[in-house]
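Below you'll find the structure, written out as structure tokens, and then a few comments.
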Amino acid sequence: MARCRVVFAELDADPPLYPWRQAPPHLLTRSQLKTAGLRPGRRPAGMLAWASRRGGRPRTPEGWRYAWLYDARLARPRRPATPRQLAAIARALAARRRCPACGRDPGYVPSARLGCCNDCAVAA
Ligand SMILES: [Zn+2]
Numbered sequence: 000m001a002r003c004r005v006v007f008a009e010l011d012a013d014p015p016l017y018p019w020r021q022a023p024p025h026l027l028t029r030s031q032l033k034t035a036g037l038r039p040g041r042r043p044a045g046m047l048a049w050a051s052r053r054g055g056r057p058r059t060p061e062g063w064r065y066a067w068l069y070d071a072r073l074a075r076p077r078r079p080a081t082p083r084q085l086a087a088i089a090r091a092l093a094a095r096r097r098c099p100a101c102g103r104d105p106g107y108v109p110s111a112r113l114g115c116c117n118d119c120a121v122a123a
């Protein structure tokens, strides 16, 4: 399957498409907004696309990868997680670490292949 290695800008598309490193400076990815302590305020104002060997969006053979770009001028401040949200995350992570065989928390996530913690796998 041939892969197009070159991404051309499509500035008249909706949203406009920018190649790697060619987006205007006020358009940031979600991750860049997060680093700046912001969150998206409006729908994406652009799309970043680049050719990658790691494959792209499903069902596109070009091997492109995409990221939404948000206007930093319309972004809003990030809301810190509430204590209840942090507690819920801690509970979920603890449930993930629990061994289904012995019911203890071994301090790590038990292997899905073993289906139990290492102590139970050795004992069996
Ligand atoms: Zn166990």
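All the letters of the sequence shown, read from the start, carry residue numbers 0 to 123 under numbering that gives the first Met the number 0. From the three backbone atoms N, C-alpha and C, an ideal C-beta is built for every residue, glycine too. Predicted model only: the values in this text are computed from it and were never measured.
How many angstroms separate the CA atom of LEU16 from the CA atom of SER51? When rounded, the separation of the alpha-carbon atoms in LEU16 and SER51 is 16 Å.
What residues sit near ligand 1, counting only those whose C-beta is closer than 7 Å to one of its heavy atoms, in chain order? That query returns the following residues: CYS98, ALA100, CYS101, ARG103, PRO105, PRO109, CYS115, CYS116, ASP118 and CYS119.
Let me know the secondary structure DSSP gives PRO18 once reduced to three states. Strand, per DSSP.
Suppose the cutoff is 8 Å on Cβ atoms and the five residues either side in sequence are ignored; what does the same chain contact list for GLN21 look like? Counting only Cβ-Cβ distances below 8 Å, and skipping sequence neighbours, we find ALA8.
Kindly list the residues whose CB is nearer than 8 Å to the CB of ARG41, restricted to its own chain and excluding five residues on each side of it in sequence; keep chain order. Counting only Cβ-Cβ distances below 8 Å, and skipping sequence neighbours, we find TYR69, ASP70 and LEU73.
Leaving out five residues before and five after HIS25 in sequence, what residues of the same chain have Cβ atoms less than 7 Å from its Cβ? For HIS25, where only same-chain residues beyond five positions count, the Cβ hits under 7 Å are ASP70, ALA71 and ARG72.
Identify whether ASP70 lies in helix, strand or coil by the three-state DSSP scheme. When DSSP states are grouped into helix, strand and coil, ASP70 belongs to the strand group.
So ASP104 and ALA93 are in contact, right, with Cβ under 8 Å, and what is the actual spacing, rounded? ASP104 to ALA93, Cβ: 6 Å. Contact.
So, with DSSP's three-state summary, where would you put ALA48? Three-state result, ALA48: strand.
If I'm right that ARG53 touches ARG64 with Cβ under 8 Å, what's the distance once you round it to whole angstroms? So it is a contact: roughly 7 Å between Cβ atoms.
Count the other CB atoms within 10 Å of the CB of ARG58; is the residue buried (16 or more) or exposed (fewer)? Here the model assigns ARG58 a pLDDT of 49, short of 50, so the residue's position is not dependable, and the following value carries that caveat. Around the Cβ of ARG58, a 10 Å sphere holds fewer than 16 other Cβ atoms; the residue is exposed.
Return the residue from the list GLY102, GLY45, ARG29 and SER110 that minimises the CA-CA distance to ASP11. Ranking GLY102, GLY45, ARG29 and SER110 by CA distance to the CA of ASP11 puts GLY45 first.
Cβ-based burial, VAL6 [other Cβ within 10 Å; buried from 16]: Here VAL6 is buried: its Cβ has 16 or more other Cβ atoms, across all protein chains shown, within 10 Å.
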